[in-house]
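See below for the structure under consideration.
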Amino acid sequence: MFITGFPSDMTATNCWVVAAGQGEQCIIVDPGIGVLAQLDEVIAENALHPVAVFLSHGHMDHTFSVVPVCQARDVPAFIHPDDRPQLTDPWSWTGFRPGAGGPFDRFTPAEPSDLRELTDAEKVGIAGLDFTVRHAPGHTLGSVTFDITDSDGTGEQFLFSGDLLFAGSIGRVDLPGGSMSAMTESLRRVVLPLADETVVLPGHGPTTTIGRERLTNPYLLEVG
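According to this note's numbering, the stretch in the sequence shown is residues 124 to 347, in order.
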């Protein structure tokens, strides 16, 4: 399986690209601010063929480029229905405001023309890959994670955690739709049952493993 990622401009939001292998169809996870040029490079260099965009949640630092990515490739985007309103009204859900300067002043909120909704425990088979969706509110109402097992025989497991879980920390819960109690329950229900060897591919910061976080992440220590 092929997985690569890079941080977006300004907010250092990780944009992930996952495929069964080089030269195959691929999924783009969380195309944020200023990712288009680097994303095109990754796709071209690895002869990939995008077939969908997955959104871990609706905050604009994760969704900023979803419309141009989907339009350029004629592919659908997937999001949980509880966060769908953020695509057309991001300002009510984040600390960013138009007129503050930077890329948000030229941001036009919109939905991709083909937008599909995700449900908890849904199995999404696409691009020769099988993802499991887990609804994980706390950072936002409609936050989700995507987990997948490598199909090449290694059995390696990966979790695209969005802003649920970071290396040494968790996503903030102080914005509209956030909730510490919901976050705690999501950590308990979604994260703790995973195998220690599971590789965590977060929305911000470096990769980690469930085992490392289970032993060192203060939030997981409290939940456990």
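By construction, the Cβ of each residue, glycine as well, lies at the ideal position given by its N, Cα and C atoms.
Predicted model, so just to flag it, every value in this text is computed and none were measured.
Could you tell me how far apart the beta carbons of residue i and residue j are, in whole angstroms, since I believe they sit closer than 8 Å?
i      : j      : result
HIS182 : TRP216 : 7 Å
LEU344 : SER309 : That pair is no contact at about 16 Å.
Can residue i and residue j be called in contact, C-beta distance under 8 Å?
i      : j      : result
GLY285 : GLY326 : yes
SER266 : HIS180 : yes
GLY251 : GLU168 : no
THR321 : THR307 : no
ASP153 : LEU178 : yes
ASP273 : GLU279 : yes
LEU315 : PHE283 : no
PHE125 : GLN145 : yes
GLY347 : ALA290 : no
ASP206 : LEU264 : yes
VAL165 : VAL190 : no
Please return the same chain residues whose Cβ sits closer than 8 Å to the Cβ of residue i, not counting the five positions on each side in sequence.
i      : result
SER302 : PRO260, GLY261 and VAL296
THR211 : PRO232, ALA233 and GLU234
In the DSSP output, which residue or residues are listed as bridge partners for residue i?
i      : result
GLY350 : With the chain represented from 124 up to 347, any question about residue 350 goes unanswered, as that position is not in the structure.
TRP214 : The partner list for TRP214 (beta bridge, DSSP) is empty, contrary to what the question assumes.
ASP253 : GLY248
GLY128 : TRP139
THR268 : ARG257
CYS149 : ALA142 and PRO173
LEU280 : Reading off the sequence shown, one finds Gln at residue 280, where the question assumed Leu. Answer by DSSP bridge pairing, in chain order: THR272.
Leaving out the 5 sequence neighbours to the left and right, which residues in its chain are closer than 7 Å to residue i when beta-carbon positions are compared?
i      : result
LEU241 : PHE201, ILE202, HIS203, VAL256 and VAL267
ILE249 : ILE150, VAL174 and ALA175
GLY155 : SER131, THR134, THR136, CYS138, ASP184, HIS185, PHE187 and SER188
GLU245 : VAL256
Note down, in chain order, each residue of its chain lying with its Cβ closer than 6 Å to the Cβ of residue i, except the 5 sequence neighbours on either side.
i      : result
ARG239 : PRO199 and PHE201
ASP237 : PRO199
In terms of residues, what are the limits of the beta strand (DSSP E) holding residue i?
i      : result
VAL174 : 172-177
GLU240 : 238-240
LEU324 : 322-325
Got a sec, what are the start and stop residues for the alpha helix (DSSP H) residue i sits in?
i      : result
PRO341 : 341-346
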